[in-house]
Each structure stands twice: as C-alpha cells, then as structure tokens.
Amino acid sequence: MYKHTLLVSAIWLSGCAVGPDFEAPEHDDITTFMSSEATVSNEALLGWQQVYQDPHLQKLIQLALENNHDMLVARSRIIEARLNSNISDANLWPNANIGLTSEREKENGSSPANTHDLKGYLSWEVDLFGANRRVSEAALASYYATEQGKNAIQLALIADIAEQFFALKEIQEELLISQNTIELREKELKIARIRKAGGIISGLEQRQAEVELESAKVNVPKLRHQEHVMINQLRFLIADSTADVSGGGELSSQVMPKALPTGLPSELLKRRPDVQQAMLNWHSAMAEIGVAKADLFPKFNLYAEFGRENDSLDNILSANSLVWLLGGELLMPIFNMGKNLDNLSAAQERAYQASVHYEKAVLVALQEVSDQISSFQSSEQIYDAQHSLVLSSKDYYRLASLRYNNGVASSLDLLDAQRQLFSAEIALAQAKNNRLQSMARLYKALGGGWYETNQNEINTEKVTE
0 MYKHTLLVSA IWLSGCAVGP DFEAPEHDDI TTFMSSEATV SNEALLGWQQ VYQDPHLQKL
60 IQLALENNHD MLVARSRIIE ARLNSNISDA NLWPNANIGL TSEREKENGS SPANTHDLKG
120 YLSWEVDLFG ANRRVSEAAL ASYYATEQGK NAIQLALIAD IAEQFFALKE IQEELLISQN
180 TIELREKELK IARIRKAGGI ISGLEQRQAE VELESAKVNV PKLRHQEHVM INQLRFLIAD
240 STADVSGGGE LSSQVMPKAL PTGLPSELLK RRPDVQQAML NWHSAMAEIG VAKADLFPKF
300 NLYAEFGREN DSLDNILSAN SLVWLLGGEL LMPIFNMGKN LDNLSAAQER AYQASVHYEK
360 AVLVALQEVS DQISSFQSSE QIYDAQHSLV LSSKDYYRLA SLRYNNGVAS SLDLLDAQRQ
420 LFSAEIALAQ AKNNRLQSMA RLYKALGGGW YETNQNEINT EKVTE
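FYI, numbering that gives the first Met the number 0 numbers position 79 of the sequence shown as 78, with every residue one higher than the one before it.
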C-alpha cells in the first residue's frame, strides 16, 4: 500500500515544491546477517492462523484483536490520522463562503446609515513553492505511519496472547505432574508405614517418604496462584473478565514449524511494522523541511467577492445593488528576527533525528531476529536433551521399583528415582513451553504474517514426546 499509493501521491504533491524529496532506503546490500547466510523464511510469510493452529488459541487471538483496548485506540488513531490528512489536502483547493452582513454606522455631522451585504467570498493560496503540498505529503506519511503503528501493536498482541497461552498450558501440565506425583508418593508412604510397622525398614526411610510427599505438595499452591495470574492476564488482553481461557490442547499437541530461517533477507526489514513506521515518520519529517523552506519565499493569494450591497434589506436584490471585487496579494517575509530560518533549521534537525530513529529501528530488528533465532535453536536443543532425560529417568524409576519390590534396593533408592523423574518431567514441561514461546517471539521478530500462503506449503509438526 505504502509503496504504490504513498509514493505516487508524494510525487504528485511534491512537484515544483521546495525542500528535499524523500526516497525510501534500500537494503539489498544486506546479504548476510550476524555471520549467517540469509535465507527466505516461509514462516515470515505466514498468517497468524497458520502459525498458531490451536482452535482455542485462535479464538483468544481473534477476541483480542477485536476487543483489546490498545487495538481500539490504535484503530481510532488511524481514523484521526486519515481525517488530519483530509484536512491538509483541503488547503490545496480554494475556499468558498457566503455571508450576510448588516451594519449601522454614524459619522460626525451625518445621520446613522444602514449597510447590508449579501456576498460570496472565494480565496485561494496559490501554492507556488509547494508549502501546502508538503503539508499534505507529511500528513499522508503520518497516516501510513499510524497504520504501521497499529500493525506493530497487533503483532505484539498476537505474540503476547500466544506466550501467555503456552505459559498457562505449562502451569496446568506442571499441576497435573505434581498431582500424579502426590498420588504416587501417598501410596509409597502407606507402604513405607506398613513396612516400618513390620520392622522391615527404619524410621528414617519412613521420614524420607514423608519429606518427598510434602515437597511435591508444596508446589501446588504456588502453581495454582500462577495459573490464576495467567488466566487474569489473558482475560485482560482480550478485554473480557469472564472469558473461558483455559481450553485448548496441551503443550504436546501444539504445532511447531519444522525449520526456521538461519538468516535475514533484506525484504524482511520492509515487513517489520516498527521499521516501516520509523521510515514513514522520517518521510513526514523530510516533508516538513519543505514546509519550513517555503516560508522563506513569497506567498501569493487570490481572492474574489461577488454579491449585493444596499442600505435596505428590501432592495438588496435590486439590479443596482450588484458589487464584485477581484484581487491578489503577494506577501514576502522581510524581517522576523530569523524565525523562518530557525524554523527551517529545526525541521532539518527533526528530519535528522527521524533518520537516526529509522537506523536504530533497523538495527533493533536485526538484533532481535538474530537473538530469537539463537533462542529458538537453543530451546530446540534443550527440549531434545530434556526429553531424553525424562526417558532415562522413567527407565531408572522402573528399574528402581523392580529392585525395591524384590528387596534388592532400599526405599531411599526408590525415592531418589522418584525425585529425579519428578524434576525431569517438570523441566520437560518448561522446555516445551520455552520452545513454543521462542517460536512466538521469533514470529514477532520476523514481522509476523501479513500475507496468505498456501496451506500445503507449510511444514509443521506437533510437539510430541
């Protein structure tokens, strides 16, 4: 939209206008990124519905996009910016008004006299040096910058919903693991008490079983509180304090992309809403230089009046009441204590600041993508290692149970195996969540998905154990 509409409009608006013309910066020279080969990422071209395929998560995101307070304000700002752009465009055209004026005047030595005017007024500032065109260009760029600001809020909101949803699923999985472990340890404690009563084990081993049971129980209140906080946070994001946000599939059922990019093609910089917003703000600031520069040159105004003038309202439409006036006005600034020159210098500084903000936005985008690619790759490795640890811990617990039941191993060996399995399962739930959250953060860093892609082109897999 910006590439076709705004640039065409800017060319028309800036014709014969003083001040610099803005040219969108190119980034085709960016072929490598943080020592990685740049590759084209299908994930960066996906819509959020294709990245987040859980139906309940999709419902929450859709509700947030419709009802979130920041989104409502962002949409209102777009309407405001569009109206401001229309107001600026109106200065390019003549102004026409009609007025009815009645006056009663008395001068020394004369009787009071009435004057009635019914006239039409036409005025037009001939935009010789493009001041009004630059104002309109700046307003149009600001309008599109506001749209990109809304896109940035939307992108962040989608990622926030996804991250909170996955975090809630992790807490719910940890609760389930804790509850299952508590049930198992309660059974083990009953057996320990029976064995203690029969003199098979010592009181130390019974106490150890009690300690392991209480250590599992102590996690539950903390997890319940975290679940409550995350539910409230999701309800806040979707602006519905009573919504059911606890549905959806567990962590292992969530879809993950099989492959993500190892670098950043220059095209992605044009897709990041914050980068585009910074560039549009720069464009607007450049146009303001033309506005300030035009104040150094003459202003030429044309005006006309046509209507009726009479001392009686009854005769105001008579033939001899016709009056008209045509005129022109040329105003040239001569002396204003350097105000116009200082205003131009200030506009140039603002444009420079906007260019620096744009360069910073580009660097932030590059850094975030690099960091999130590294984070995602790290989360994959941690998940694989933790998954292997859970498998080993389950086998260790199985063997420890067999040895304990056959009287070969002590209850302390069995409790140690239980403890390691519990810790490994909790850590695996966290690794699943970190993996999914890394995907959400990378999706945000890549600029989200604003284009549609054939579903058959998407390579995804479920987070299986």
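Note that CB positions come from ideal geometry on N, CA and C, so glycine has one too.
Rounded to whole angstroms, what is the Cα-Cα separation between residue i and residue j?
i	j	result
Ala138	Glu146	13 Å
Ala444	Asp159	13 Å
Leu390	Ala384	10 Å
Ala439	Leu222	23 Å
Glu169	Asp53	15 Å
Met255	Val368	18 Å
Asp394	Asn179	17 Å
Asn300	Leu121	11 Å
Val210	Gln429	24 Å
Ser177	Leu212	10 Å
Asn67	Phe235	8 Å
Val134	Leu127	14 Å
Val50	Ile157	11 Å
Pro111	Ser87	45 Å
Val125	Glu328	10 Å
Leu174	Ser75	42 Å
Trp123	Ala89	11 Å
Thr31	Ile230	The predicted position of Thr31 is uncertain, since its pLDDT is 47 and thus under 50; a value taken from the coordinates is nonetheless stated next. Taking the straight line joining both Cα atoms gives about 41 Å.
Gly447	Lys269	12 Å
Ile190	Leu427	29 Å
Asn85	Glu358	30 Å
Asp465	Asn107	This structure cannot settle anything about residue 465, because the visible part of the chain is limited to 0 through 464.
Glu104	Thr114	8 Å
Arg184	Ser409	15 Å
Tyr302	Leu340	29 Å
Between the Cα of residue i and the Cα atoms of the options, which residue gives the shortest distance?
i	options	result
Gly148	Glu187, Leu71, Ser251, Glu226	Leu71
Val17	His356, Glu287, Leu212, Ser410	Glu287
Ser101	Asp313, Ala284, Arg206	Asp313
Ala498	Phe375, Ser317, Asn404, Trp281	Since the first residue of the chain shown is 0 and the last is 464, residue 498 is not available in this structure.
Gln253	Leu183, Gln436, Ser369	Gln436
Arg132	Leu91, Gly447, Trp47, Gln380	Leu91
Asn96	Glu182, Glu106, Lys118, Ala161	Lys118
Glu424	Asn433, Ser409, His386, Tyr403	His386
Glu150	Val274, Gln232, Phe164, Ser245	Correcting the residue identity first, residue 150 is Asn in this sequence and not Glu. The option with the nearest alpha carbon to Asn150 is Val274.
Tyr442	Ala426, Ser374, Phe421	Ser374
Ala161	Ser410, Met285, Lys58	Lys58
Leu64	Gln48, Ile78, Glu79	Gln48
Asp469	Asn107, Ala130, Glu22	Shown here, the chain extends from 0 to 464; a query on residue 469 therefore has no answer.
Leu321	Lys431, Ser377, Leu250, Arg307	Arg307
Gly289	Leu233, Asn342, Tyr143	Asn342
Asn94	Glu304, Val355, Trp323	Glu304
Glu379	Asn432, Phe165, Asp20	Asn432
Ser354	Asp20, Leu154, Leu203, Met285	Met285
Consult DSSP for residue i and reduce its assignment to one of helix, strand or coil.
i	result
Ser40	Interpretation of Ser40 is limited by its pLDDT of 48, a score under 50 that renders its predicted location unreliable; no figure is taken from the coordinates.
Phe21	coil
Tyr51	coil
Trp92	coil
Ile97	strand
Met331	coil
Val125	strand
Ser245	coil
Leu469	A question about residue 469 goes unanswered here, because the residues of the chain that appear run from 0 up to 464.
Leu174	helix
Arg270	coil
Met285	helix
Ser377	helix
Ile199	coil
Pro220	helix
Phe235	helix
Leu316	coil
Asp415	helix
Phe165	helix
Asn405	coil
Ala16	coil
Asn67	coil
Gly108	coil
From the DSSP output, which residues share a beta bridge with residue i?
i	result
Thr180	BP columns for Thr180 are empty, so no partner.
Asn113	Arg103
Gly326	Tyr302
Glu308	Asp116
Leu321	Arg307
Check whether chain C comes within 9 Å of residue i, counting only Cβ atoms and requiring the distance to be less than that.
i	result
Leu91	Among the chains in the structure shown there is no chain C, since it carries only a single protein chain.
*Check whether the stretch 324-343 touches the stretch 229-243, counting contact only when three or more Cβ pairs, one atom from each stretch, lie closer than 8 Å.*
By the C-beta criterion, the stretch 324-343 is judged not to be in contact with the stretch 229-243, since fewer than 3 inter-stretch pairs fall below 8 Å.
*Between the stretch 340-350 and the stretch 387-401, are three or more C-beta pairs nearer than 8 Å?*
The stretch 340-350 makes no contact with the stretch 387-401; the number of CB pairs closer than 8 Å stays below 3.
*Indicate whether the contact test is met: 3 or more Cβ pairs, each with one atom in the stretch 413-423 and one in the stretch 365-382, closer than 8 Å.*
These segments do not touch.
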